[in-house]
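Below is one structure, written out as structure tokens; the observations come after it.
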Amino acid sequence: MVDSPFGQVVAIMPQNLRCALKQLPQQLRGRVEEIRLRQGFLPTVLDEMGEQEVGDMAVTQQMLRQVLEQATQASAHTVLDRVQRGFLTLKGGHRIGICGSAVVRNGQVVTLREISSVSVRVARSVEGQAETLLPQLMEGERLQNTLIFAPPGAGKTTLLRDLVRGLSDGAVSEPLRLAVADERGEIAAMWQGEPQLYVGRHTDVLDGCDKATAVSMLLRGMNPQVIAMDEITQMGDVEAMIQAVGCGVSLLATAHGETMEDLSCRPVYRALCRAGVFRRVVLLHGRGANRSAQVEVVA
């Protein structure tokens with residue numbers, strides 16, 4: 067169990083919670099997406115059906131600190147001083163989100179204190195959809211600029227990673243050179259220079275900086291055929307994507323939304339539509355095993 071993604075996450079939990087999590091039915095353990103700890107309440111696990119409580123002991127401040135210390139082999143105080151982005155990426159690609167009281171200096175969050183909750187996201191690579199979808203996204207040997215569009219939690223990043231892997235490994239064409247602008251470390255989950263989540267043999271990853279900066283650096287330095295990025299949210303992202311298209315690079319990206327109409331309702335997405343950047347939109351419906359994908363061709 068320790069070698070499974072769920073087992074890796076359980077290993078950083080306090081002893082009493084570890085025992086309760088190990089007693090969950092095996093089928094549920096394989097579906098758990100997050101383990102959530104909120105001070106004063108029972109721990110919960112999240113899967114596609116929602117949250118359910120685990121164990122019989124309410125979460126304490128000490129338990130929250132133990133999770134951070136066990137996960138990073140550092141004191142909770144040291145950890146909190148380096149979580150300006152609100153989360154930490156662990157070996158294996160798992161991510162710890164942290165809430166508490168923010169300490170702000172000069173308009174920037176410099177640390178957190180008095181932790182109130184922790185969410186540990188279980189990282190799993192789900193493969194198999196790339197081979198089905200990629201033929202609909204390609205014209206000849208070239209990927210058409212593609213946007214994956216779905217609500218939060220629908221599996222956009224998971225599908226993006228699978229498509230990157232498929233393109234890089236030549237699942238439906240000759241292998242392509244992929245470059246990933248992994249601003250939040252969720253696509254490849256780099257750890258000491260090595261992706262913790264498989265993204266293909268011909269993939270280069272730049273993480274830790276904003277997408278606009280990353281795209282510019284990747285264009286100059288890595289000669290990619292395709293650039294992939296997660297969660298378009300800023301006009302700077304749009305400008306970088308237009309720059310990449312102008313250099314002859316194909317794009318693969320994700321954004322939040324539910325229908326094609328949503329693309330025309332938000333300023334950032336409207337700018338992409340006006341620029342005619344995307345030729346394919348993949349709409350995701352459902353979650354987990356019930357997820358389905360629909361490809362729309364953009365005229």
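In my numbering, the protein residues as written are 67 to 365.
The beta carbon of each residue, even a glycine, is placed where N, CA and C say it ideally should be.
Please report the straight-line C-alpha distance between Ala17 and Thr224, rounded to a whole angstrom. Residue 17 lies beyond the residue range present for the chain, which begins at 67 and ends at 365; the question has no answer from this structure.
Can you give me the C-alpha to C-alpha distance between Val175 and Gly152, rounded to a whole angstrom? Their Cα atoms are separated by approximately 9 Å.
Can you list, in chain order, the residues of its chain with a C-beta nearer than 6 Å to that of Pro80? Leave out the 5 residues immediately preceding and following it. Correct list, in chain order: Met129, Gln132.
Report the CB separation of Glu324 from Pro217 in whole angstroms; it is logged as a contact under 8 Å. Confirmed, about 6 Å.
Length of the line joining the Cα atoms of Gly116 and Phe215: In a straight line, the C-alpha of Gly116 is about 22 Å away from that of Phe215.
Reducing DSSP to helix, strand and coil, say where Pro333 ends up. Here Pro333 sits in helix by DSSP.
Going by DSSP, which residues form a beta bridge with Asp35? This structure cannot speak to residue 35, because the chain is shown only from 67 to 365.
Limits of the unbroken beta strand (DSSP E) element including Glu117: Element bounds for Glu117: 116–119.
To the nearest angstrom, how far is it from the Cα of Glu180 to the Cα of Gly166? Whole-angstrom Cα-Cα distance: 5 Å.
Helix, strand or coil for Thr279 per DSSP? In the three-state scheme derived from DSSP, where H, G and I count as helix and E and B as strand, Thr279 is classed as helix.
Just tell me which of Ala310, Glu135, Lys88 has its CA closest to the CA of Gly287. Considering only alpha carbons, the answer is Ala310.
Short check: CB of Ala255 to CB of Thr155, under 9 Å? In contact: Ala255 and Thr155 (Cβ atoms closer than 9 Å).
Quick check: Val347 and Ile293, are their CB atoms within less than 9 Å of each other? The answer is no: Cβ separation not under 9 Å.
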